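Chains A and B, in that order, give the protein sequences. For the first sequence, my numbering gives the first residue as 1, with consecutive numbering after it. For the second sequence, my numbering gives the first residue as 136, with consecutive numbering after it. Inspection log for the structure reproduced underneath, given as structure tokens.
Number of protein chains: 2
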Amino acid sequence: MDSIEVVQTLLTYEIKPSYPRIQIYKYLKENRNHPTAQDIYSGLVNEMPTLSKTTVYNTLDRFLEIGLVIALNLDENEKRYDIVTDEHSHFKCQVCNQIYDIPYDNIELLPKGYEEFQIKEKHILLKGICEKCAK
Amino acid sequence: MDSIEVVQTLLTYEIKPSYPRIQIYKYLKENRNHPTAQDIYSGLVNEMPTLSKTTVYNTLDRFLEIGLVIALNLDENEKRYDIVTDEHSHFKCQVCNQIYDIPYDNIELLPKGYEEFQIKEKHILLKGICEKCAK
DNA sequence: CTAAATGCAAACGGTTTGCAATGCT
DNA sequence: AGCATTGCAAACCGTTTGCATTTAG
Numbered sequence: 001m002d003s004i005e006v007v008q009t010l011l012t013y014e015i016k017p018s019y020p021r022i023q024i025y026k027y028l029k030e031n032r033n034h035p036t037a038q039d040i041y042s043g044l045v046n047e048m049p050t051l052s053k054t055t056v057y058n059t060l061d062r063f064l065e066i067g068l069v070i071a072l073n074l075d076e077n078e079k080r081y082d083i084v085t086d087e088h089s090h091f092k093c094q095v096c097n098q099i100y101d102i103p104y105d106n107i108e109l110l111p112k113g114y115e116e117f118q119i120k121e122k123h124i125l126l127k128g129i130c131e132k133c134a135k
Numbered sequence: 136m137d138s139i140e141v142v143q144t145l146l147t148y149e150i151k152p153s154y155p156r157i158q159i160y161k162y163l164k165e166n167r168n169h170p171t172a173q174d175i176y177s178g179l180v181n182e183m184p185t186l187s188k189t190t191v192y193n194t195l196d197r198f199l200e201i202g203l204v205i206a207l208n209l210d211e212n213e214k215r216y217d218i219v220t221d222e223h224s225h226f227k228c229q230v231c232n233q234i235y236d237i238p239y240d241n242i243e244l245l246p247k248g249y250e251e252f253q254i255k256e257k258h259i260l261l262k263g264i265c266e267k268c269a270k
């Protein structure tokens with residue numbers, strides 16, 4: 001993944017393209033498995049020995065503000081992060097604990113009487129048994 | 136709400152109908168606003184001065200095991216609990232922070248290719264602007 | 001030069017654990 | 001008596017805060 005590209009993206013959002021921010025952004029782009037802050041920290045600290053978890057949190061908060069990433073609450077007590085892309089739901093297998101991304105079409109989630117509600121985000125988490133564990 | 140009824144329910148699930156359990160169950164039945172463990176504790180400690188939060192957690196874990204309640208992750212860092220009932224989604228207003236229960240019909244959430252996945256729970260959280268704040 | 005970003009250490013807060021006391025059958 | 005439940009105190013752990021240092025424009 002090209003660093004120049006990342007710098008461009010960050011500048012678009014008017015946030016300073018510092019080295020930690022570039023690396024965290026690249027990590028998120030390349031690791032689409034809903035990493036935790038700890039995952040990101042662990043994944044980067046080898047090549048950035050002075051990186052602190054505070055910076056990971058600061059950066060993620062900044063990315064959240066500008067809408068570059070969204071935070072997921074997939075059941076456990078830690079937040080998970082995902083670069084914003086096409087809408088999709090998540091399926092967590094209760095047997096193997098794997099988390100699947102599930103695409104979905106335009107679903108009508110607001111019944112009659114709720115027309116005035118404006119949806120900005122949809123978080124759909126399904127739990128059950130995945131196709132592998134169902135066999 | 137009738138205590139006898141609660142005792143019956145708990146016995147159905149083969150869990151001992153102790154006083155704390157009965158009270159916590161009643162609290163959940165009567166407070167359908169997705170209370171936190173702290174909410175439940177605060178709501179009961181006056182009439183049960185020796186109640187501990189550990190017991191609230193123990194009891195909720197027990198209720199979760201047997202499927203009497205479900206745990207919700209509505210964005211904040213604490214879990215919220217709800218007696219299992221009809222399926223509904225939640226709408227959290229980003230302006231006033233109120234959480235609405237939204238009924239939904241049978242929505243097809245698994246697209247083609249995912250027919251083998253078995254859904255046991257659906258957690259649908261919508262975020263946006265509620266009808267009051269939209270005006 | 002100045003404002004923003006970094007990162008260490010300590011605090012925070014919801015939840016869990018260890019374990020002794022209590023209660024039920 | 002024997003096993004489950006309760007509840008205090010302490011540990012845990014993900015996240016936040018205070019603040020001094022460093023960095024970028």
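Glycine residues also receive a C-beta, built at the ideal position from the N, C-alpha and C atoms. Keep in mind the model is a prediction, meaning the values are calculated, not measured.
Count the other C-beta atoms from every protein chain shown that fall within 10 angstroms of the C-beta of A/Tyr27, then say buried if there are 16 or more, exposed otherwise. Along the first sequence, read from residue 1 onward, the residue named residue 27 of chain A stands at position 27. Counting the other CB atoms within 10 Å of its CB gives A/Tyr27 a total of 16 or more, which places it among the buried residues.
Along chain A, in chain order, which residues have C-beta atoms closer than 8 Å to that of B/Pro238? Taking the first residue of the second sequence as position 1, residue 238 of chain B is located at position 103. Ordered by position in chain A, the residues that pass the 8 Å Cβ test against B/Pro238 are Pro111.
Quick one: what's B/His223 bridged to in DSSP? Within the second sequence, the letter at position 88 stands for residue 223 of chain B. Checking the DSSP bridge columns, you'll see B/His223 partnered with B/Pro238.
May I ask which residues mark the beginning and end of the alpha helix (DSSP H) holding B/Leu146? Against the second sequence, residue 146 of chain B aligns to sequence position 11. That run of the alpha helix (DSSP H) goes Ser138 to Thr147.
Check the Cβ of A/Lys127 against every Cβ in chain B and list those closer than 9 Å, keeping chain order. Translated into positions along the first sequence, residue 127 of chain A becomes position 127. Residues of chain B passing the Cβ test: Ile254, Lys255, Glu256, Lys257 and His258.
Nearest to B/Phe198 by CA position, among B/Ile139, B/Lys262 and B/Ile157, is which residue? Here residue 198 of chain B corresponds to residue number 63 of the second sequence, with the count starting at 1. Of B/Ile139, B/Lys262 and B/Ile157, the residue nearest in Cα terms is B/Ile157.
What three-state label does DSSP hand A/Met75 in the structure shown? To locate residue 75 of chain A, count along the first sequence from 1; it is residue 75. The identity of residue 75 of chain A in the sequence shown is Asp, whereas the question assumes Met. The answer is coil: DSSP assigns A/Asp75 none of H, G, I, E or B.
Anything in chain B within Cβ reach of A/Asp75, meaning under 9 Å, just list it in chain order. Here residue 75 of chain A is taken as the residue at index 75 of the first sequence, counted from 1. Here the neighbours are Ala206, Asn208 and His258.
Quick one: measure Cβ to Cβ for A/Ala37 and A/Val7, integer angstroms, because I've assumed they're closer than 8 Å. Translated into positions along the first sequence, residue 37 of chain A becomes position 37. Translated into positions along the first sequence, residue 7 of chain A becomes position 7. Not really, about 23 Å apart at Cβ, beyond 8 Å.
Cβ closer than 8 Å: which chain A residues qualify as neighbours of B/Gln158? Counting from 1 along the second sequence, the entry for residue 158 of chain B is found at position 23. Under the 8 Å cutoff, chain A gives no residues; its nearest Cβ is about 26 Å from B/Gln158.
Taking the C-alpha atoms as reference points, what is the distance between B/Cys268 and A/Lys112? The residue you call residue 268 of chain B lines up with position 133 of the second sequence. The residue you call residue 112 of chain A lines up with position 112 of the first sequence. Approximately 18 Å, taken between the alpha carbons.
From B/Ser224 to B/Ile242, what distance separates their C-alpha atoms? Position 89 of the second sequence, counted from the start, is the residue given in the question as residue 224 of chain B. Position 107 of the second sequence, counted from the start, is the residue given in the question as residue 242 of chain B. If you draw a straight line from the Cα of B/Ser224 to the Cα of B/Ile242, it is about 11 Å long.
At a CB-CB cut-off below 9 Å, which residues of chain A make contact with B/Cys231? In the second sequence, counting from the first residue as 1, residue 231 of chain B sits at position 96. Those within 9 Å of B/Cys231 in chain A number zero; the least Cβ separation is about 12 Å.
Which chain A residues sit within Cβ distance under 7 Å of B/Ser224? Position 89 of the second sequence, counted from the first residue, corresponds to residue 224 of chain B. Residues of chain A whose Cβ lies closer than 7 Å to the Cβ of B/Ser224 are, in chain order, Leu109.
For A/Lys132, which of helix, strand or coil comes out of DSSP? Sequence index remark: in the first sequence, residue 132 of chain A carries index 132 (1-based). If DSSP states are grouped into helix, strand and coil, A/Lys132 belongs with the helices.
Would you say B/Ala172 lies against chain A (beta-carbon separation less than 9 Å)? As a first step, residue 172 of chain B is located in the second sequence; it is residue number 37 there, counting from the start. Not flagged as an interface residue toward chain A: B/Ala172, since no C-beta distance is shorter than 9 Å.
Checking 9 Å against the spacing of the C-beta atoms, do A/Leu60 and A/Ile24 come in under that value? By one-based count along the first sequence, residue 60 of chain A stands at place 60. By one-based count along the first sequence, residue 24 of chain A stands at place 24. Cβ distance < 9 Å, so A/Leu60 and A/Ile24 count as in contact.
Kindly identify the DSSP beta-bridge partner or partners of B/Tyr176. By 1-based counting over the second sequence, the position of residue 176 of chain B is 41. Looking at the DSSP assignment, B/Tyr176 forms no beta bridge with any residue, so it has no partner.
Taking C-alpha atoms, which residue in A/Ile119, A/Val69, A/Lys135 and A/Asp82 lies nearest to B/Val230? What you label residue 230 of chain B is simply residue 95 of the second sequence in a count that begins at 1. Checking every option, the nearest Cα to that of B/Val230 belongs to A/Ile119.
Take B/Tyr154 as the anchor and find which of B/Arg167, B/Ser187 and B/Asn166 has the nearest alpha-carbon. Working through the second sequence from its first residue, we reach residue 154 of chain B at position 19. Ranking B/Arg167, B/Ser187 and B/Asn166 by Cα distance to B/Tyr154 puts B/Ser187 first.
Can the beta-carbon of B/Lys262 be found less than 9 Å from the beta-carbon of A/Glu121? Within the second sequence, numbered from 1, the residue matching residue 262 of chain B stands at position 127. Within the first sequence, numbered from 1, the residue matching residue 121 of chain A stands at position 121. Yes; because the gap between Cβ atoms is below 9 Å, this pair is in contact.
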